[in-house]
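A.B. asks: At position 100 of the sequence shown (counting the first as 1) the number is 116 in this note's numbering, and the numbers step up by one without a gap.
To start, I am sharing the structure in question, which I have written as structure tokens.
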Amino acid sequence: MATATADKLTTELMGILGAKKPENIFPRLKALELLDMCGRCCGTGHYSYNAMTGTTCFGCQGRQFLMPKVTRNLVEAVRAKWTAEFAAEYHAKLAADAASRKRVESARGMYLASRTVKALQAGCEAARERGELVGRYWQHECEWEKRNMPEAAARRSELYTIQKYIDKALEGVVGAKEWDKATRSYKPADWTAIDARLAPLLAQFEALDSQTV
Ligand SMILES: [Zn+2]
17 MATATADKLT
27 TELMGILGAK
37 KPENIFPRLK
47 ALELLDMCGR
57 CCGTGHYSYN
67 AMTGTTCFGC
77 QGRQFLMPKV
87 TRNLVEAVRA
97 KWTAEFAAEY
107 HAKLAADAAS
117 RKRVESARGM
127 YLASRTVKAL
137 QAGCEAARER
147 GELVGRYWQH
157 ECEWEKRNMP
167 EAAARRSELY
177 TIQKYIDKAL
187 EGVVGAKEWD
197 KATRSYKPAD
207 WTAIDARLAP
217 LLAQFEALDS
227 QTV
């Protein structure tokens, strides 16, 4: 009986929050500051170090908070705080985060996807079809590029250097997590912050690459 009531309250909670899945409740309650602080790590997400998981707290899996018991009181507190305005702000932040994540994740492949590299590849391919390029050694292609597309060839090496800096800046970002030196553990990637860190490199890359038409 108690479970049926809890299920009903959870369904009601999802309705108020516009949550399609039960797992959407947790992040929304976090934004509303209605989660319970993890008592094991006192809300730090970290506990004693071990080789497997670093210092990530077992109690909350590093999330710092725990899902509170779903009661009538909680449902009413959520109803009062989750206003249309709050929801709009929450979803705007989510969308901005998703856009940042997309930019960060595509940054690793920028060099290969660049207009400059594509133009050089297309140039070499056409030359090979015309019979100007024989053999399949990259040296032949590099020489052909330098002779026939010197500006793009020079740009290519600069773009390659910027890509190395980008890769370096993304060291420690694995999947949706990033390594936190201070706590010696992975934490959920802060896409907005990583995006901001990469921004000057991405701008430099784009400015150079856009010279290839
Ligand atoms: Zn904890």
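Using N, Cα and C, we set each Cβ at its ideal position, and we do this for glycine too.
The model shown is predicted, which means the values in this text are computed figures rather than measured ones.
Could you pull out every residue in the same chain whose Cβ sits closer than 6 Å to the Cβ of A192, ignoring the five residues on either side in sequence?
C.D. replies: So the qualifying residues of the chain are A205.
A.B. asks: In the structure shown, what three-state DSSP assignment does P84 receive?
C.D. replies: Correct three-state label for P84: coil.
A.B. asks: Straight-line CA distance for L50 to T69?
C.D. replies: Each residue's Cα considered, the two are about 27 Å apart.
A.B. asks: Opposite N66 in the DSSP bridges: which residues?
C.D. replies: Note: N66 sits in a beta bridge opposite G70.
A.B. asks: I believe I41 touches A123 by the beta-carbon criterion, under 8 Å. Please report the beta-carbon distance rounded to the nearest angstrom.
C.D. replies: Not really, about 32 Å apart at Cβ, beyond 8 Å.
A.B. asks: Grab the span of the alpha helix (DSSP H) containing D113 for me, first residue to last.
C.D. replies: D113 -> alpha helix (DSSP H) spans 100-123.
A.B. asks: K46 lies in the alpha helix (DSSP H); which residues open and close that run?
C.D. replies: That run of the alpha helix (DSSP H) goes 41-47.
A.B. asks: Which first and last residues belong to the alpha helix (DSSP H) in which K184 is found?
C.D. replies: Looking at the DSSP string, the run of the alpha helix (DSSP H) that includes K184 is 166-185.
A.B. asks: For K197, does the three-state DSSP call read helix, strand or coil?
C.D. replies: Three-state result, K197: coil.
A.B. asks: Ignore the nearest five residues each way along the sequence and tell me which others in F221's own chain have a CB closer than 8 Å to its CB.
C.D. replies: Closer than 8 Å at Cβ, skipping near neighbours: M126, S130, L175, I178, Q179, I182.
A.B. asks: Which whole-angstrom value is the C-beta distance of F81 and K46, which I expect to be below 8 Å?
C.D. replies: 6 Å between Cβ atoms; contact.
A.B. asks: Would you mind reading off the limits of the alpha helix (DSSP H) that contains R131?
C.D. replies: Its alpha helix (DSSP H) spans residues 131-145.
A.B. asks: Does K232 come out as helix, strand or coil in the three-state DSSP assignment?
C.D. replies: Residue 232 falls outside the range modelled here, since the chain spans only 17 to 229, and no answer is possible.
A.B. asks: Considering only the alpha carbon of each residue, which of R146, A168, L136 lies closest to W154?
C.D. replies: Nearest option by C-alpha distance: L136.
A.B. asks: Suppose you measure from the CA of C58 to the CA of K197; what does that come to, to the nearest Å?
C.D. replies: If you take the alpha carbons of C58 and K197, they lie about 20 Å apart.
A.B. asks: Can you list, in chain order, the residues of its chain whose CB lies under 6 Å from that of L210, leaving out five sequence neighbours each side?
C.D. replies: Looking at the sequence shown, residue 210 is not Leu but Ile. Excluding residues within five positions, the ones whose Cβ falls inside 6 Å are V120.
A.B. asks: Distance, Cα to Cα, W160 vs L149?
C.D. replies: For W160 and L149, the distance between alpha carbons rounds to 8 Å.
A.B. asks: Taking 6 Å as the limit between beta carbons, can you name the residues of its chain near K203, skipping five residues before and five after?
C.D. replies: Here the set comprises D196.
A.B. asks: V190 by DSSP, collapsed to three states: which one?
C.D. replies: Strand at V190.
A.B. asks: Should M53 go down as buried or exposed, given a rule of 16 or more other Cβ atoms within 10 Å for buried?
C.D. replies: Exposed, because fewer than 16 other Cβ atoms sit within 10 Å of the Cβ of M53.
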